[in-house]
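As they're listed, the protein sequences go chains A and B.
The opening residue of the first sequence carries number 25 in the working numbering; numbering runs sequentially from there.
The opening residue of the second sequence carries number 118 in the working numbering; numbering runs sequentially from there.
First up is the structure itself, then whatever we jot down about it.
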Amino acid sequence: MQGYFYFVAKRALLMLAVIFFGVSAMFLVTYLSPIDPVEQVLGRLSARSNLSPEAIASTREALTAMFGTGQPMLTQYFNFWTRLLQGDLGASLMAFPTPAMELVMRGMPWTLGLLLTSTVITFIIGNLMGGLAGYFQNNRFFKAFGIVTMGLQPIPYYIVAFIILIIFGFLWPVLPISGGFGMDVRPGWTMPFILSVLQHSLLPALSLVLVGLGGWFIGMRALVSNIVTEDYVTYAELAGVKRDTIVGAYVMRNALVPQVTALAMVIGGVFSGTIITEQVFNYPGMGSLLVDAVNAGDYSTVLAVCTVSITAVAFAIFIVDLLHPLLDPRVRAE
Amino acid sequence: MFAVFRDLIRYNVEFAIGLVLVGIMVIFASLSFFSPVDPSMIYMAIPDQPPSAQYWFGTNSRGQELFWQLSAAFKNSLIFGITVAVLSRIISITVGLAAGYLGGWVDRVLMFINDIFVAVPIFPILVLFYFVLRNNMDSFTMALILACFGWPFDARLIRSVALGLKHREFTRHAVFAGMSTRKVLLEEHLPYVMPIVFSTFMNNMLWSIGMEVTLAVLGFTNINNPTIGTVLYWANSHSAMVVGVWWWIVIPVILIVMTFLGLFLLAVSMNEYIDPRSRLRRMGA
């Protein structure tokens, strides 16, 4: 049990380090950039309207106070953290005066829902098929499945989403290709709304699953095809243990441990993929918000999305890491 | 070296297919050096012409010949991918070999940093870079940023090989013979990790070109520099699919899929080649 606590403490430290490093890097990028956010926002404001010089001057003052630029670097850095810990990243500029954090929180359930369901589906299908393909190495079906998923795996998220969009948008329009739910349903915990959400999430989830499958498939097949040559598997086969038990409890169970570690490593990448896919399907999550915010020059919202994504990914990795000792008794015993 | 290639082509269909695909794309991309038109110029040809004998890949709504446009785009994207791969290989070899050989607290610190880099989601960070740099973000800056994030997985792989090399006889001999640490790493250990470096080179190219495509399609790079992503960006912004200029989308997508599959097959087959067990199985021994 002590080993487990040691493990958790180490992982928690890593999570905090990731958040600290990520947020500090973000601060440095914005601090060292040659472009002043105040001037950028002012440029956008004055381009659209006819402001008097006095109004511009007072806006500049207000913005400087809001962003806290003009102070020494360490003070700015300290203030940045203080505001972050309070969950206050200032008002969004594209939806003034809604706080940027509130916009992010509105998008978060969509992104997390998409990420969670597609990751779970991909992990289960990919590992199951990969494991079976590794065990039944001459089975035609698994071979064909492997070729298809491996062919899809290297293609960038954007291109796969785009191909799906073309197929279901232009060639065979049966599923909705845009938005998070139908225009004609009211948000709420009602049957039509839930159905509509599920229907709209099908295509984005499909594109994520298609890209993700190959990696799990290849990894699991390689692991299993190595494990089946081990003596204990031969022994179990000779001893007449049922095949299902060998595949499920002896072979795949052991191969699963490194795969769960791998899950923690790919979450960051899958998260990036999710927000890319969202943009293609106009899904109302954090990805679409990020792109809109960049296009609108909305400084606070971009920072808020980046902070929340770094924190969320670090936390997700932490959770997956906690699962690891439950599967691998050696970590518990350490 | 040639024997290795001959064996790979003979016994490994995936390697052969990958080599052909990548070969075609490299030839296609290098045609750009002999391009009769400047790919950054617009309205040089009749717009919206479907593929024909005169315009092999058709022309787009901006009056560019897609053949030369795409050739330049693939040249730029491949060069971009190679830049990122070379830069991040340098980091991952240094970190991986040092962590594996030196061990102790150096290893722990380096792997801690490594874990941090693995966990940070790269896409929001890249968008943030674009957001603050705007038009100062040229492809070399982007290559540098991606290289800074593209090394950790491979550094870990290299470290695991280096860990095994550390206790081998020849390392001990080299140390007793008075070789410096740097020399041991570069002259004794580096050759052993080269196969991994080659196979991860391809994977890294895939990843970085994919990131570039994504950013460019959203318009978050210098959109006047023809790359795979910016070609799609312009096609989208002219609603090519809706207007019926399908070749502006379909041809680039086919070429992208060919490139990615080719690079991926090369990486996979090289990976398999590293593992002697699967190599023997393939050769029928």
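For every residue, glycine included, the Cβ atom is placed at its ideal position computed from N, Cα and C.
Given the structure is predicted, the values throughout are model-derived calculations rather than measurements.
I334 of chain A sits close to G46 of chain A, with the two beta carbons spaced by under 8 Å. G239 of chain A sits close to Q177 of chain A, with the two beta carbons spaced by under 8 Å. Collapsing the DSSP output to three states places T173 of chain A in a helix.
Distance from P164 of chain B to S178 of chain B at the Cβ level is roughly 5 Å; contact confirmed, criterion being Cβ atoms closer than 8 Å. Residue pairing from DSSP leaves P200 of chain A without any beta-bridge partner.
Per DSSP, W240 of chain A is one residue of the alpha helix (DSSP H) stretching across M215 to I251.
With distances taken between CA atoms, R206 of chain B lies nearest to B:M322 out of B:M322, B:I345 and B:G327. In the DSSP annotation of this structure, N339 of chain B is not part of any alpha helix (DSSP H), being labelled neither H nor E.
If you draw a 10 Å sphere on the C-beta of M158 of chain B, you find fewer than 16 other C-beta atoms in it, and that means exposed. Bounds of the alpha helix (DSSP H) holding T298 of chain A are R277 to V304. Considering only beta carbons, the part of the segment 176-191 of chain A lying closer than 8 Å to chain B consists of Q177, P178, I179, P180, Y181, Y182, I183, F186, I187 and I190, in chain order. A236 of chain B belongs to the set of residues whose beta carbon lies under 8 Å from a beta carbon in chain A.
For P61 of chain A, the closest of B:L245, B:I326 and B:D124 by C-alpha to C-alpha distance is B:L245. Beta-bridge partners assigned by DSSP to T176 of chain B: B:E182.
Apart from sequence neighbours up to five positions away, the residues of its chain that approach F337 of chain B with a beta-carbon distance below 7 Å are V244 and Y247, ordered along the chain.
Close to chain B, meaning a Cβ-Cβ distance shorter than 7 Å, are the following residues of the segment 272-293 of chain A: M289 and G292. For chain B, the residues of the segment 296-330 of chain A that bring a beta carbon within less than 7 Å of one of its beta carbons are S296, I299, I300, Q303, L314, V315, V318, V326, V329 and C330, in chain order. By the criterion of a C-beta distance shorter than 8 Å, P121 of chain A is surrounded in its chain by A115, once the five residues flanking it on both sides are discounted. The distance from the Cβ of T344 of chain B to that of A190 of chain B is about 5 Å, consistent with a contact at the 8 Å cut-off. For a Cβ distance threshold of 7 Å, residue set V237 of chain B lies close to G46 of chain A, ordered along the chain. Look at A294 of chain B here: in three-state DSSP terms it is coil, with no helix or strand label. Here the segment 205-219 of chain B lies against the segment 274-289 of chain B, with 3 or more beta-carbon pairs under 8 Å apart. In the assembly as shown, G67 of chain A is an exposed residue. Its beta-carbon has fewer than 16 other beta-carbons within 10 Å. Between I183 of chain A and V330 of chain B, the C-beta spacing is below 8 Å. Under the three-state reduction of DSSP output, P349 of chain A falls in the helix class. Shown here, P61 of chain A sits in a helix according to DSSP, grouped into three states.
Among the CB atoms of chain A, one or more fall inside 8 Å of the CB of V244 of chain B. If you draw a straight line from the Cα of V203 of chain B to the Cα of L302 of chain B, it is about 18 Å long.
When CB distances to chain A are screened at a threshold of 7 Å, the residues of the segment 319-336 of chain B falling below it are L323, G327, V330, T331, V334 and L335, in chain order.
Taking the Cβ atoms as the reference, G154 of chain A lies roughly 41 Å from F51 of chain A, outside the contact range of under 8 Å. With respect to W134 of chain A, Y307 of chain A sits close: the two C-beta atoms are nearer than 8 Å.
Taking 8 Å as the upper bound on Cβ-Cβ separation, chain A lies near residues F229, D232, I233 and V235 of the segment 220-235 of chain B. One alpha carbon belongs to A357 of chain B, the other to W363 of chain B, and they sit about 6 Å apart. Assigned with DSSP and collapsed to three states, P133 of chain A falls in helix. In the DSSP annotation of this structure, the continuous segment of the alpha helix (DSSP H) that includes Q100 of chain A starts and ends at M97 to L109.
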